[in-house]
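Enquirer: Numbering (the numbering used here), first residue to last: 7 to 261.
All residues carry an ideal CB built from backbone N, CA and C; glycine is no exception.
One structure, as structure tokens, below. Some questions next.
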């Protein structure tokens, strides 16, 4: 029996026994190669790829734990208040990037989203509370890898900070002064010498690109991204970028 999964509304994810079946695409072989590498090197906080089913859907191992739906459904307020949650999210992202050492993508790899510039890592591109597995309010698993693709560390830290700090100006804490120390903590925990200005620069470049990507995928007929367009997400992301640019000094301090 197929059981719809929380947060799987964009990918049509369902649970069958101890497996997850989700809509596949040209990017699926590259994503499965990435996940297989992560398991080989001991980064087992991601789903294990198990091939394809008879309907052409990607099959992954089911990871038990606490999950929460994403936008437009509200997330628990503790996600944006608890420092332990924030530190764990940044630490998990850094561990993931470090686990990429030695990963060689398939020669015919097709990634769904490829960032401009020289890639440093394979970005998750959507590391957020709605794509996390929690235990006792701590993120312990990384889910939903369909948007993974080559990019810079700063870009992946930026999209993650947007959702976890959250830098998103529409999500609590309500004031920039409350977000700034959380932003600093996220960047410091991740490390790698990235400053808040580095990360915000990457985010201001990424948000309009995400908006364009959502619109192009929706125009190509992707039902998940059609939902996002219906929710007016592209326009919201562009507005978020403009507002964050105005908040730079308060969020980042002097260069």
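Cα-Cα, which of 64, 239, 176 is closest to residue 214?
Expert: Looking at the Cα atoms, 239 is the closest of the given residues.
Enquirer: Between residue 265 and the rest of its own chain, which residues show a CB-CB distance below 6 Å, the 5 nearest in sequence each way excluded?
Expert: Lying before the first or after the last residue shown, residue 265 is absent from the chain, which here runs from 7 to 261.
Enquirer: Measure the C-alpha to C-alpha separation of residue 181 and residue 256 and round it to an integer number of angstroms.
Expert: C-alpha separation (whole angstroms): 10 Å.
Enquirer: Would you call the CB atoms of residue 147 and residue 71 closer than 9 Å?
Expert: Their beta carbons are under 9 Å apart, which means residue 147 touches residue 71 by this criterion.
Enquirer: Under 8 Å: do the stretch 139-155 and the stretch 172-189 share three or more Cβ pairs, one atom per stretch?
Expert: The stretch 139-155, when compared against the stretch 172-189, does not touch it at the 8 Å Cβ threshold.
Enquirer: Is there contact here, the stretch 147-164 with the stretch 29-37, by at least three beta-carbon pairs under 8 Å?
Expert: They touch, by the three-pair rule.
Enquirer: Based on Cα-Cα distance, which residue from 229, 197, 111 lies nearest to residue 19?
Expert: Looking at the Cα atoms, 229 is the closest of the given residues.
Enquirer: Checking the sheet assignment: what are the DSSP bridge partners for residue 60?
Expert: In the DSSP output, where bridge partners are listed per residue, residue 60 has none listed.
Enquirer: Please determine if the stretch 113-128 and the stretch 154-163 are in contact, where contact requires at least 3 C-beta pairs separated by less than 8 Å.
Expert: Touching, yes, given that three or more Cβ pairs across the two stretches are closer than 8 Å.
Enquirer: Taking the straight line between their C-alpha atoms, what separation do you get for residue 191 and residue 102?
Expert: The straight-line gap from Cα to Cα measures roughly 18 Å.
Enquirer: Give me the Cα-Cα distance between residue 65 and residue 8, rounded to the nearest whole angstrom.
Expert: Going from the Cα of residue 65 to the Cα of residue 8 covers about 13 Å.
Enquirer: Using a Cβ cut-off of 9 Å (strictly closer), state whether residue 197 contacts chain C.
Expert: Of the chains in the structure shown, none is chain C; there is only one protein chain.
Enquirer: Which residue comes first and which comes last in the beta strand (DSSP E) that contains residue 140?
Expert: 138-141 is the span of the beta strand (DSSP E), which, as asked, contains residue 140.
Enquirer: So, helix, strand or coil for residue 233, using DSSP?
Expert: Reduced to three states, the DSSP call for residue 233 is helix.
Enquirer: If you check the beta carbons only, do residue 166 and residue 121 fall under 9 Å apart?
Expert: No, Cβ-Cβ distance for residue 166 and residue 121 is not below 9 Å.
Enquirer: Under three-state DSSP, which class holds residue 92?
Expert: It is helical.
Enquirer: Just grab the DSSP bridge partners of residue 113 for me.
Expert: In the DSSP output, where bridge partners are listed per residue, residue 113 has none listed.
Enquirer: By a C-beta neighbour count over all protein chains shown, 10 Å radius and 16 as the cutoff for buried, is residue 118 buried or exposed?
Expert: Answer is buried; the Cβ neighbour count reaches 16.
Enquirer: Are residue 94 and residue 145 closer than 9 Å when you measure CB to CB?
Expert: The answer is yes: Cβ separation under 9 Å.
Enquirer: For residue 88 and residue 60, I'd like the C-alpha separation in whole angstroms.
Expert: Going by the C-alpha atoms only, they are around 43 Å apart.
Enquirer: Considering Cα atoms alone, identify which of 236, 109, 30 is closest to residue 46.
Expert: It is 109.
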